[in-house]
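Numbering-wise (my numbering), the sequence shown opens with residue 97 and increments by one.
Built from N, CA and C at the ideal position, the CB exists for glycine as well.
Contents: one structure, followed by commentary.
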Amino acid sequence: MPEVKLMTPLFDGGMYNRTGRRMRAVFIKEVADGTTTYRLWRKDGKPEIEYPRCDNDRYILHVEVNSYLIPLRMTEFQMIDNCGYLPAVNELYGSKEGRVAFFNELRERDGWNQPTSVSEAMKREEEVITRLGSQPERWVASISKQLSSHVKFYLQSEKNGGLTHPDYVGACVLNKLDECMKLSEAHQEYIQKEKEKIAAEEAEKRHREAEEINAKAKQEIEAAVKIIREGGRLNNDRIDYRVGDVGHNEPIVLFLMRRYKVGVPLRTQGWICSKLANVTIKDGRCDGLQYYKAKGAACSQRFFDCMNELVQKVIQEEAK
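Written as structure tokens, this is what we have:
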């Protein structure tokens, strides 16, 4: 019967296990290289891998460090493959390039027998990978390298006071989990301040952009109002403006009608947006217009009433 114990995982639901919740763990084996020894475990119960490639590809490996179980992010099958692939390639072919050359030559040489030859070569390769990848000293080297990388990240965070993310795995290896929690709080405060700083910079940028856009719109509006007062041709160009953080884009004639509270039917609004090209103002009234014709579309007769009302309101505003 395998050894089953209640063990404390370093992480619970992807987060540091602050509460110390324990789980049922199954002891797998111990690996050593004469200097370093690691005890390996897995979760008990339902397999973690939905589609395993073999029996030893069902559970994530955990290494016991300072009474915690640290996930190694790989199954036993993956560990064997990770530890054994390059040594197997070097033993069988001399190098990765040699492997490519070997299989290319195999395909050219065997022709129709290629599937059988490749299958046999792959089977031999898998056997060597399993043999070399199962050697305990290779596991120790792989685990040590992974843990050392985490220690490096933790020490970096410790050095800069939490500006970079503190690594709980590295902290566990160094037995500094309490210190890591403090660094994590400092890191979260730093991240929050950075977010606020970025948000403020973006808000300031949007404010400047809005001021520039609205300044240009103001010039275009003043020029249009001047044409209405003094007469001339007013092109129904679209203007951009901002109200708060909301951007707007509409034909200037319709914009002015809204500003001067001219009642415009929805259908006429649609015609102004899609058909009106320009309007000519003469002697305080709408003297003519140009519009885009499509499929025999007629001119909006209601538009003249709305435009004349706009002209009068603009002129009356100047007289006040």
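7 Å Cβ shell around residue i - same chain, five flanking residues per side excluded
i      : result
Gln242 : Leu168
Asn152 : Thr171, Glu172 and Phe173
Thr364 : Ser396, Arg398, Phe399 and Cys402
Ser213 : Leu202 and Asp206
Ala306 : Arg338
Glu316 : Ile335 and Ile348
Residue i, buried or exposed, once every other Cβ within 10 Å from all chains shown has been counted against 16
i      : result
Lys357 : exposed
Gly258 : buried
Arg149 : exposed
Ala267 : buried
Asn332 : buried
Val360 : buried
Ile368 : buried
Val342 : exposed
Leu350 : buried
Ile348 : buried
Val100 : exposed
Val196 : exposed
Tyr387 : buried
Same chain, Cβ closer than 6 Å to residue i, five either side skipped, listed in chain order
i      : result
Ser230 : Ile176
Asp108 : Arg117
Glu233 : Asp129
Residues near residue i in its chain [Cβ-Cβ closer than 8 Å; skip 5 each side]
i      : result
Ala313 : Ile335, Asp336 and Tyr337
Asn178 : Met170, Gly229 and Ser238
Asp379 : Gly327
Ala217 : Phe198, Phe199 and Leu202
Ile323 : Arg329, Leu330 and Ile377
CB of residue i within 8 Å of CB of residue j, strictly
i      : j      : result
Leu279 : Ser253 : yes
Asp140 : Ala128 : no
Leu165 : Trp137 : yes
Leu157 : Val265 : no
Tyr250 : Leu270 : yes
Val375 : Leu362 : no
Cβ-Cβ separation, residue j to residue i (assumed contact under 8 Å), whole Å
i      : j      : result
His246 : Pro262 : His246 to Pro262, Cβ: 10 Å. No contact.
Ala319 : Leu352 : Between Leu352 and Ala319 the Cβ distance is about 11 Å, and since that is not below 8 Å, they are no contact.
Val236 : Thr132 : 5 Å
Glu144 : Arg154 : 7 Å
Arg325 : Glu414 : 6 Å
Arg381 : Val410 : Between Val410 and Arg381 the Cβ distance is about 12 Å, and since that is not below 8 Å, they are no contact.
Check: residue i C-beta below 7 Å from any heavy atom of the ligand MG
i      : result
His344 : This structure does not include the ligand MG; it has no bound ligands of any sort.
Between the stretch 183–193 and the stretch 215–230, can you find at least three pairs of beta-carbon atoms closer than 8 Å?
yes
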